[in-house]
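Beneath this line is the structure, given in structure tokens, with notes to follow.
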Amino acid sequence: MNIFRLAGDLSHLAAIIILLIKIWKTRSCAGISGRSQVLFAIVFITRYLDLFTNFISAYNTAMKVFFLGSSIGTVYLMYLKFKATYDHNHDTFRIEFLLLPTALLSLVLNHEFSVMEILWTFSIYLESVAILPQLFMVSKTGEAESITSHYLFALGSYRGLYILNWIYRYYFEGFYDIIAIVAGCVQTILYCDFFYLYITKVLKGKKLQLPA
Amino acid sequence: GKAAPDHDEL
């Protein structure tokens, strides 16, 4: 565990908590893509099956349990409890265009052709693109609430911080995982346009609004 | 070494 990895995890944790607070306090999931949230739930379920087979640390287990619970809880809040506030007319990204290619890619490019390893690989590939329905929704409506922007910023920063962690681990531990690194870079690049808008608009107190 | 690394990250 190094400082970049810890900062990345905390950023990821913060993103999830910000989203849950937004939904809970406003009793609304307006502006949030249910499709992205379903993809994140699939990502965690397929990645953390090793909870049953491999113990790493209490920290690792606690975080995995929280990510699993919170992502399934978010899907529950969006599709059941606060269903009436879910903005499904604007949430139209076709997730099969993400699920099928990442599933195929995980069958071809993996560390080992085993069920657990392929599911892990699939979760890594899927996570890298899972935010696309949310970004598509923001671009479709042309704006995002500040709290949604903070959520996206924390969520995007997390993988960026992991890249620093991977650089650190490569130099100081001789460890690298090429699948995680390439997917993590793709994931971070997808946020670049949003990061630019966040820094130039939201941090200056303006609402995130896309140019018409 | 092993083909698949231990996935110790989240």
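Chains as they are written, first to last, in the working numbering: chain A, 1 to 212; chain B, 213 to 222.
Don't be surprised by glycine CBs; every beta carbon is placed ideally from N, CA and C.
Enumerate in chain order the residues of its own chain whose CB-to-CB distance from Ile124(A) is below 7 Å, with the five nearest sequence positions on each side excluded. Ile179, Ala180 and Ala183
Here's the rule: buried if 16 or more other CB atoms are within 10 angstroms of the residue's CB, otherwise exposed. What is Lys206(A)? Here Lys206(A) is exposed: its Cβ has fewer than 16 other Cβ atoms, across all protein chains shown, within 10 Å.
Sub-8 Å separation of Arg60(A) and Asp220(B) beta-carbons: For the sequence presented, residue 60(A) should be read as Asn rather than Arg. In this structure, Asp220(B) lies closer than 8 Å to Asn60(A) by Cβ.
Using 10 angstroms around the beta-carbon of Gly8(A), count the other beta-carbons present and answer buried if the total reaches 16, otherwise exposed. buried
With a cut-off of 8 Å, does the C-beta of Asn2(A) fall near any C-beta of chain B? no
Roughly how many whole angstroms lie between the Cα atoms of Leu68(A) and Glu143(A)? 29 Å
Using a Cβ-Cβ distance under 8 Å, would Arg94(A) count as near chain B? Interface with chain B (8 Å Cβ-Cβ cutoff): Arg94(A) is excluded.
Between Tyr151(A), Ser149(A), Trp120(A) and Tyr168(A), which lies nearest to Leu49(A) when the distance is taken from Cα to Cα? Trp120(A)
Give a single yes or no on whether Ser106(A) has its beta carbon closer than 7 Å to a heavy atom of the ligand COA. Looking for the ligand COA in the displayed structure turns up nothing, as the structure carries no ligands at all.
Does the pairing of the segment 39-57 of chain A with the segment 68-87 of chain A give three or more beta-carbon distances under 8 Å? yes
Count the other C-beta atoms from every protein chain shown that fall within 10 angstroms of the C-beta of Lys22(A), then say buried if there are 16 or more, exposed otherwise. buried
Where Ala144(A) falls: helix, strand or coil (DSSP): Reduced to three states, the DSSP call for Ala144(A) is strand.
Measuring alpha carbon to alpha carbon, tell me which residue in His150(A), Phe122(A) and Trp166(A) is nearest Lys204(A). In terms of CA proximity to Lys204(A), His150(A) leads the group His150(A), Phe122(A) and Trp166(A).
Span separating the alpha-carbon of Phe153(A) from that of Leu161(A): 12 Å
Selected residue, minimal CA-CA separation from Val138(A), among Asp193(A), Met78(A) and Leu10(A): Asp193(A)
Roughly how far, in whole angstroms, is the beta-carbon of Thr221(A) from the beta-carbon of Ile17(A), given that I think they are within contact range, below 8 Å? Within the shown structure, residues of chain A are numbered from 1 to 212, placing residue 221(A) beyond reach of any answer.
Please confirm if Asp220(B) has its CB atom under 8 Å from at least one CB of chain A. yes
Does the Cβ of Tyr171(A) have 16 or more other Cβ atoms within 10 Å, making it buried, or fewer, making it exposed? exposed
Using a 10 Å radius around the Cβ and a threshold of 16 neighbouring Cβ atoms, would you call Asp218(B) buried or exposed? exposed
Cutoff 8 Å: Glu127(A) Cβ touching any chain B Cβ: no
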